[in-house]
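S.K.:
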Amino acid sequence: MSFPDKTVRQSFPSTLIHRNATVFTSQGADEIAQQAIQNLIDSRYALKDRVSAPLKGLENDLFAKSQPLDSLRPKLRVTFGRAKRDGTFDWPVEEVINTFRAQKRGAPVAGLYGFGYRKSALGLIQEFFIFTEMLDGYLNGLEWLKQKRDIHSLITASFTLLRSLHNRDIVHMDFWANNVMINLAQPSLTKAIDLENCFLTPTNHMSEVLGFQFGFYYRREVFRFVIEEEYDRMVADELAHYAGVDRERFDEVYAASKHENISRRARREIFHKGTVVTG
């Protein structure tokens, strides 16, 4: 397979080949890491479900994702490095590209250790693997909230993380509490995960994008823990950190995103056109 950005592949020069799978890593995997990756590959032959969990055998070091490609079109696209009609790539490729670029910009994200794929007898990629650093000592926002029961600290830390991403021109369009990892020892230290639905280029519709991000963050579980008017006040205070926000355009998307489902495709329309489609 190939990436549109050749530096992605070049930055992961070590290769591990096992059965009909190939994995590229940023550094040579030691014997324990090799065995853990091989065991994951072996376990996938009879399974078709998606895996997203600490890598067995290296639970404190690496997090593994495995995504089967269940139809011919994504298999062809990923195998030959082709984009979809809208110019995007299938999510595992998007996540590798976005995580790699965000990491290069010094963004607070889980570091990319490697990626790879398993091919069919016909030579088509039928499953994609992604390995990131295991954020030991961190909990996702909702798990952290169960322990600390401090919704205001969670929201504040999340907003600070979102601002840090924007300062590096990273627009996370799946930004919710479970994609915010909080350091147990220092809750102000946070990292973002799951970057497959991100943009790393400027938008001409920042007011609408921010409206979606803040609204979506509220809709995805946070509304259960905070009064809406109180959340609105926290959002208004946070907007003071962003220059040039058109409140009329912001409020329209913000109100919709707080209470309506916005599909992933519709989120791209917000980023590219500033328009929101609900439902």
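Residue numbers for the sequence shown follow the working numbering, beginning at 145 and rising by one.
Ideal Cβ positions, reconstructed from N, Cα and C, are used throughout, including at glycine.
Predicted, not measured: the structure shown is a model, and the values here were computed from it.
(1) For F360, which residues of its own chain have a beta-carbon under 6 angstroms away from its beta-carbon, when the five flanking residues on both sides are left out?
(2) For T347 versus V379, is the C-beta distance shorter than 8 angstroms?
(3) Would you say the region 298-307 touches the region 224-244, given that touching needs at least three Cβ pairs under 8 angstroms?
(4) Could you please give the first and the last residue of the uninterrupted beta strand (DSSP E) stretch that includes Y362?
(5) Just mark V421 as buried or exposed, buried being the case when its beta carbon has 16 or more other beta carbons within 10 Å.
(6) Using the beta-carbon count (16 or more within 10 Å), is G388 buried or exposed?
(7) Could you say if the region 210-222 and the region 278-290 meet the contact criterion of at least three C-beta pairs nearer than 8 angstroms?
(8) Would you check if there are 3 or more beta carbon pairs closer than 8 angstroms linking the region 261-270 to the region 336-343?
(9) How is G231 classed by DSSP in three states: helix, strand or coil?
(10) From the DSSP output, read off the bridge partner residues of G258.
(11) Work out the CA separation of G172 and A208 for me, nearest whole Å.
(12) Using 8 angstroms as the threshold, is the C-beta distance between F356 and F259 below it?
(13) What number of angstroms, rounded off, separates the C-alpha of T276 from the C-alpha of F369?
(14) Taking the beta carbon of I143 as the centre, do at least 16 other beta carbons fall within 10 Å, making it buried, or is it exposed?
(15) What first and last residue would you give for the beta strand (DSSP E) that runs through P212?
(16) Cutting at 7 angstroms between CB atoms, please list the residues of its own chain near R188, excluding the five before and the five after it.
(17) Buried or exposed: where does K335 fall if 16 or more other Cβ atoms within 10 Å of its Cβ makes it buried?
(18) Please state the DSSP three-state secondary structure of S297.
(19) Tell me whether S158 sits in a helix, a strand or coil according to DSSP, three-state version.
(20) By the three-class DSSP mapping on this structure, what secondary structure does L385 have?
(21) Helix, strand or coil for Y282? Go by DSSP, reduced to three states.
(22) Terminal residues of the continuous alpha helix (DSSP H) containing K219?
(23) Counting only the same chain and skipping the five closest in sequence on each side, list residues whose C-beta sits under 7 angstroms from that of N183.
(24) Run the CB neighbour count on E352, radius 10 Å, all protein chains shown included, and call it buried at 16 or more, exposed below.
M.R.: Based on what the coordinates show:
(1) Cβ neighbours of F360 beyond the five flanking positions: S401.
(2) Not in contact: T347 and V379 (Cβ atoms no closer than 8 angstroms).
(3) no
(4) Counting along the chain, Y362 falls outside any beta strand (DSSP E), though it belongs to the alpha helix (DSSP H) covering M350 to R363.
(5) exposed
(6) With fewer than 16 other beta carbons inside 10 angstroms of its own, G388 counts as exposed.
(7) no
(8) no
(9) Three-state result, G231: coil.
(10) T169 and F275
(11) 17 angstroms
(12) no
(13) 30 angstroms
(14) The displayed coordinates of the chain run from 145 to 423. Any statement about residue 143 would go beyond what the structure contains.
(15) L206 to P212
(16) S210, R262 and E271
(17) buried
(18) helix
(19) Here S158 carries a strand assignment [DSSP, helix/strand/coil].
(20) Before going on, a small fix: residue 385 reads as His here, not Leu. H385 falls in the coil class under three-state DSSP.
(21) strand
(22) L216 to F224 is the extent of the alpha helix (DSSP H) around K219.
(23) K200 and G201
(24) buried
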